[in-house]
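Trainee: The opening residue of the sequence shown carries number 719 in the numbering used here; numbering runs sequentially from there.
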Amino acid sequence: MEALRSRIEREGQNLGRGILKIDSFLNHQIDAQLMEQIGEAIAAEFRAAQPTRVLTAEVSGLIPAAMTGKALGNIPVVYARKKKPITMKEPVYVENAPSHTKGENVSLMVSPEFLCAEDRVLIVDDFLATGRTIAALARIVQSSGATLVGIATVVEKTFEGGRDMLADWQVPIYAAATIVDMSDGRIQLA
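1. Going by C-alpha distance, which of Gln860, Ala835, Thr865, Leu780 is nearest Val812?
2. Would Gly779 and Asp844 be called neighbours here (beta carbons separated by less than 9 Å)?
3. Drop a sphere of 10 angstroms on the beta-carbon of Arg728, count the other beta-carbons inside from all chains shown, and report buried for 16 or more, exposed for fewer.
4. Output yes or no for whether 9 Å exceeds the beta carbon distance between Asp886 and Thr865.
5. For Tyr892 versus Phe743, is the C-beta distance shorter than 9 Å?
6. On the DSSP letters alone, give me the boundaries of the beta strand (DSSP E) that Thr786 sits inside.
7. Suppose the cutoff is 8 Å on Cβ atoms and the five residues either side in sequence are ignored; what does the same chain contact list for Arg799 look like?
8. Less than 9 Å between the C-beta atoms of Gly880 and Ile858, yes or no?
9. Between Leu722 and Ala895, which are expected to be in contact by the criterion C-beta below 8 Å, what is the C-beta distance as a whole number of angstroms?
10. Starting from the C-beta of Arg850, find all residues in its chain whose C-beta is less than 6 Å away, skip the five residues before and the five after it, and write them out in chain order.
11. Just checking my contact of Ile897 with Val867 at CB under 8 Å: how many whole Å lie between their CB atoms?
12. Tell me Phe845's beta-bridge partners as DSSP assigns them.
13. Under the assumption that Lys739 contacts Gln731 (Cβ atoms under 8 Å), give the Cβ distance between them as a whole number of angstroms.
14. Here's the rule I'm using: 16 or more other beta-carbon atoms within 10 Å means buried, otherwise exposed. How should Lys875 be labelled?
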């Protein structure tokens, strides 16, 4: 997606250790028009799979997931919570995943009232790096009995191996932009 690639080239910052800062349009401040374009691109890739729900992890996956849900005909968007609110009744689906930017493990929780066996789920997140957060979301889908129909991300960092790690799920994986190298302070797009 050319608009996203241009923004990464112009505003992305390589913070080292594989961390890409794109806070000016996704991870802190949102460019709604760009996110809408990304949602439409993801929807175009997965429309034929007929997803009935979009699943993401809070917080940075919420906007691209919401825009994807809207572009797919306003299908529900569910996000895995990192802290259990008092309004979330037991039992819940829970999986753990390491946070690349926080440097610690986080729990991801989804209420069974918003994810059921009849659902066809498209996972949408901001980054595909190691794949561990997305794999945790996929395990939540599996626990619910729903069908995982695909995985989409705004940015994939191929050098971290996430796509290979997710291969066992045997679903299509789409990235709106792909970064192949971040060594020596560079940000090299595919």
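C-beta atoms are modelled at their ideal positions from N, C-alpha and C, and glycine is treated no differently. If you're wondering where the values come from, they're calculated on a predicted model, not measured in any experiment.
Mentor: Well, looking at it:
1. Gln860
2. yes
3. exposed
4. no
5. no
6. Element bounds for Thr786: not the beta strand (DSSP E) but the alpha helix (DSSP H), 780–789.
7. Glu776, Met806, Leu826, Met827, Val828
8. no
9. 5 Å
10. Ala815, Pro816
11. Not really, about 25 Å apart at Cβ, beyond 8 Å.
12. Val873
13. 4 Å
14. buried
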